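**Q** Residue numbers (our numbering): 2 to 1065. Just so it is clear, CB atoms sit at the ideal spot from N, CA and C, and this is done for glycine as well. In this text, all values refer to a predicted model and were calculated from it rather than measured experimentally. Okay, handing you the structure first.
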């Protein structure tokens, strides 16, 4: 029964007691109240009533009602019969003597006279008492006929003060001074906002929450509904006095209602006073009753449970209770898994169904889930009800204990306990302290006690009682109802503060409390209610402002626009609360635009959606795992790949097997590494892609500054790269002439090292035969020709060009030489960028294609072609084969296509298309952008994988024209991560084969070696480089491998080769 229904039944019961009075009967009431101590404490009041229901006015026919809450006494049967239905308190007989200093008496008579049928008139006539100053006007009420078995007592519709003036005096100075603490300045509210923000950020950094005023509990809710969830789901909601069950059915038919059925189950008294096991048994019984009433064939139901108490989660479906709230205390649940206890009960009582508890969510989290949509993506959930709380979506990496996982997770702030660490002590009024002293959780839940509707109502009651005790309200009169907790409801306050009818409502409300109130009293009560009500909204706004500031700051935004899901009677009660909340928010955080979305179906619906999202994610994760499974390489796979690479290296070095080897192992005729004694000015030409560099390299002693470089970058247009030899090398020479002019070196005849990053058969240091084009080049008349000769021919066609080309080198060799200048242990060069290749210093005795056994020579492996004979078929996925088939050199450079940045983006694109076709990502929509070739460059992969949160991933995708959800962003990140991890591992297998070969050549048990490395993928992609390092260490445990980034590129190496050649 609601409070209003309860009040109504009490009034009807009182009326029935009078139905037997004769037409001439008179009723007299005497009210005696005397204070013993604190008026706000109901257990220290004595109240007496004298009822005269006789026709002869003899005292012998009087009935006495005496209420004394300080101690019980025996009462006679007549007295018990009269009041047993309405009170179980103890009684005492009032004294006939009256002490005006300590008590107040009210007596009045109701005369009942016969009238026309169907009509009764009651006359309220004041009786004189020395300390009573108010009187009542007469009123009439239609009654029942005298021969009816039951009669109704008339409700008092209007009480008029004795004075004629309708003007209301302002709040008295005394009361204004007493309640001024409820009015908070903007400065105070900003302090609350800052304190909330500081508490949040402090708690986010601490794994142990004990002693913190905010708990900031991870909920493991990491995704919002995206309208692709399908199936039947149960929502179960527990409240302090009832349980609710609903069936949610999500289909493709948007015309059908989502909620097929819902039902509430009041908690029986036995359960209310029972233990935790009984509660869960009751919940399971509710589910069984609910399902038995459905006409549905479904037997499997995923279930989401809205559990309103703070819990410590270890997963979405695993949590332990931290503490009780809302005056609930069910023993036996502490340190037990909530989902497990519920699942055990369900298995026992719902044997005809298969119900799986998939999600346990706080009711505030349920509110957030119930409101979020594509058009209104809520990031904050707000509860303004019996109590108050909020939750929000936080970057997972900012939550201590959650690791480095990207994405978001909902945090249950539990802000009701904010202030427990004295953050708001200076805001507490004397009335707050009195109310807190009477509570069962003294000193705790400070913020909730200032905001929640339960405490708001109690605070008004305490304030009125205290002011009445001081004689500042109601002429010092108190009643048992005013002194009893729970007799004031939020609806009462809402009606009282209404601008139009508030004073009339206040009169009726006070009459219900048994108080004779003047207009002045009513006005002052209205102002007290308004002050408490407004403070609640103000403080809620300040707390929310702190949260919004945190979100905006974390996201690095100057302005923030967000949606807040909200539920609870405070927000719904009156537009005034919402208006105050929004106005104060705008004042405290003008840089934030907030739209409130009211939860229509509550947290039980949100819990069902949590289960639906969990099922969707389960299906998506399973589908993604199947699609990405071929990219997961074991150590056995990598060791086998390392062995295959070693076999091909040996074939490429052998004189008899060289011609059939797919790994060419080309001699470079670079016999020496720089030793630091090289001096002079040298030119370098670095051609390895659509951009090339011309450099002037000045080699000096380390004391004089070492190597100094000046360079210019030039572009090779696509039409030139795919034209012919004359146009391509003519363009290169014209750019070199431009460089000479800019730097005043025309005609100096400087030695030049030519970095030519394409497969060549080198027959001497300054002669290299192009074997094939790669990297998008296809100029005719070049393959099979000496690249140095083609360059010299172009120079001869250009006057005033005097350049001596002394060496042609691969970019990988140049990288090794560049790093070896600073690190003599650098014996390996590695390029991981648009393409992929390696070189290393091999013993001359092992190179069968070159005469001589003494010393060493750098070998250009040209390992990009590894696998072109089909030996990598086991490692090629369906996506790799698509990339290869659509490339300009299908069937070639297969190893390179597994590693280099030129192809990784395409692999990612094909995977995303496959995921979308299975409704795993992008809601199953295949964007035209995804069908665009080469839409994902190397920098996209690095920016996505290195992002610390989903927002950077979303931004990277949005730059490409893709609109995605946070969950989509995380899946894209996982795809990129998987593809680049595979690339790093495959590359590591090659590097491990090389360093092991060097160790064996030197016949060393342990080897320390440096790998000089260059390339955009390695430079820009932190995760790739780390995975590469770690995997090499695993595959070559006897080698300590250091990776040294070539900061100056392969151009410096080419100049150093020329310097070494000139020096030797």
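According to DSSP, simplified to helix, strand and coil, what is residue 1052?
**A** Of the three classes helix, strand and coil, the one that applies to residue 1052 here is helix, per DSSP.
**Q** Can you tell me which of the three DSSP states residue 783 falls into?
**A** It is coil, neither helix nor strand.
**Q** Under 8 Å, do residue 617 and residue 230 count as touching if we go by C-beta distance?
**A** Cβ distance < 8 Å, so residue 617 and residue 230 count as in contact.
**Q** Expressed to the nearest angstrom, what Euclidean distance is found between the alpha-carbon atoms of residue 708 and residue 750?
**A** Taking the straight line from one Cα to the other gives about 20 Å.
**Q** Could you spell out the range, first to last residue, of the alpha helix (DSSP H) harbouring residue 448?
**A** 447 to 452 is the extent of the alpha helix (DSSP H) around residue 448.
**Q** I'd like the list of long-range same chain contacts for residue 728, defined as Cβ closer than 7 Å, with 5 residues on each side in sequence excluded.
**A** Excluding residues within five positions, the ones whose Cβ falls inside 7 Å are 721.
**Q** Thinking C-beta only, is residue 359 closer than 8 Å to residue 284?
**A** No, Cβ-Cβ distance for residue 284 and residue 359 is not below 8 Å.
**Q** Looking at residue 736 and residue 667, is the spacing between their C-beta atoms short of 8 Å?
**A** No, they are not a contact pair.
**Q** In terms of DSSP beta bridges, what is residue 320 paired with?
**A** Answer is 314.
**Q** What residue range is occupied by the uninterrupted alpha helix (DSSP H) comprising residue 650?
**A** Start and end: 636 to 654.
**Q** Hey, out of 942, 814 and 898, whose CA is closest to residue 1013's CA?
**A** Taking only the C-alpha atoms, the option nearest residue 1013 is 814.
**Q** Could you round the C-beta distance between residue 840 and residue 830 to whole angstroms and report it? I think they count as a contact, below 8 Å.
**A** With 8 Å as the limit, residue 840 and residue 830 qualify as a contact, their Cβ atoms being about 4 Å apart.
**Q** For residue 841, write down the residues that DSSP places opposite it in a beta bridge.
**A** Its beta-bridge partners are 829 and 860.
**Q** For a test of the three-state rule: what should DSSP assign to residue 163, helix, strand or coil?
**A** Its pLDDT being 29, under 50, residue 163 is placed unreliably in this model, and the coordinates cannot settle the point.
**Q** Rounded to a whole number of angstroms, what is the C-alpha to C-alpha distance between residue 1008 and residue 994?
**A** Between residue 1008 and residue 994, the C-alpha separation is close to 13 Å.
**Q** Over the uninterrupted beta strand (DSSP E) stretch that includes residue 768, give me the two end residues.
**A** Counting along the chain, the beta strand (DSSP E) containing residue 768 begins and ends at 768 to 771.
**Q** Just the Cα atoms here: how many angstroms apart are residue 643 and residue 988?
**A** Taking the straight line from one Cα to the other gives about 10 Å.
**Q** For the 8 Å Cβ check, are there 3 or more pairs between the stretch 294 to 313 and the stretch 602 to 610?
**A** The answer is yes - the stretch 602 to 610 touches the stretch 294 to 313, with three or more Cβ pairs under 8 Å.
**Q** Does the beta carbon of residue 1021 fall short of 7 Å from some heavy atom of the ligand MG?
**A** By its list of ligands, the structure shown contains no ligand whatsoever, and the ligand MG lies outside what it can speak to.
**Q** With distances taken from CA atoms, which of 225, 460 and 477 is nearest residue 488?
**A** Taking only the C-alpha atoms, the option nearest residue 488 is 460.
**Q** Keeping to the same chain, check which residues put their C-beta closer than 7 Å to that of residue 468; ignore five residues upstream and five downstream.
**A** Result list for residue 468: 176, 179 and 474, in chain order.
**Q** With distances taken Cα to Cα, identify the nearest neighbour of residue 777 among 894, 881, 673 and 366.
**A** It is 894 whose Cα lies nearest to the Cα of residue 777.
**Q** Tell me, to the nearest whole angstrom, how far the beta carbon of residue 465 is from that of residue 536; I am working on the premise that it is less than 8 Å.
**A** Contact flag wrong, Cβ pair sits at about 16 Å.
**Q** Taking 6 Å as the limit between beta carbons, can you name the residues of its chain near residue 482, skipping five residues before and five after?
**A** Excluding residues within five positions, the ones whose Cβ falls inside 6 Å are 488, 514 and 515.
**Q** Assign residue 548 to buried or exposed, taking buried as 16 or more other Cβ atoms, counted over all protein chains shown, within 10 Å of its Cβ.
**A** Residue 548 should be labelled buried.
**Q** Would you report the Cα separation of residue 740 and residue 718, rounded to the nearest angstrom?
**A** About 18 Å.
**Q** Check for me: the alpha helix (DSSP H) holding residue 616 runs from which residue to which?
**A** From DSSP, the alpha helix (DSSP H) with residue 616 extends over 603 to 629.
**Q** With 16 other CB atoms within 10 Å as the buried threshold, where does residue 382 fall?
**A** Buried, because 16 or more other Cβ atoms sit within 10 Å of the Cβ of residue 382.
**Q** If contact is defined by three or more beta carbon pairs under 8 Å, each pair taking one atom from either stretch, is the stretch 806 to 823 in contact with the stretch 950 to 966?
**A** Output reads no: the stretch 806 to 823 does not touch the stretch 950 to 966.
**Q** Please go through the stretch 325 to 394 and give each complete alpha helix (DSSP H) segment of 4 or more residues, from N-terminal end onward.
**A** Those alpha helix (DSSP H) runs which fall completely within the stretch 325 to 394 and span 4+ residues are 339 to 350 and 364 to 372.
**Q** Name the residue from 959, 385 and 392 whose alpha carbon lies nearest to the alpha carbon of residue 379.
**A** Checked all of 959, 385 and 392; the closest Cα to residue 379 is 392.
**Q** If we call anything under 8 Å between Cβ atoms a contact, is residue 997 one with residue 1037?
**A** It is a contact, given that the beta carbons lie within the stated cut-off.
**Q** Residues in the same chain with beta-carbon distance under 8 Å from residue 932, minus the five sequence neighbours each way, listed in chain order, please.
**A** So the list reads 914, once near-sequence residues are dropped.
**Q** Hey, out of 530, 479 and 528, whose CA is closest to residue 512's CA?
**A** Looking at the Cα atoms, 479 is the closest of the given residues.
**Q** Please list the segments of the beta strand (DSSP E) lying wholly inside the stretch 240 to 291, counting only runs of 3 or more residues, in order along the chain.
**A** The stretch 240 to 291 contains these whole beta strand (DSSP E) runs: 243 to 251 and 260 to 267.
**Q** What did DSSP end up calling residue 1058 once you bin it into helix, strand or coil?
**A** Here residue 1058 sits in helix by DSSP.
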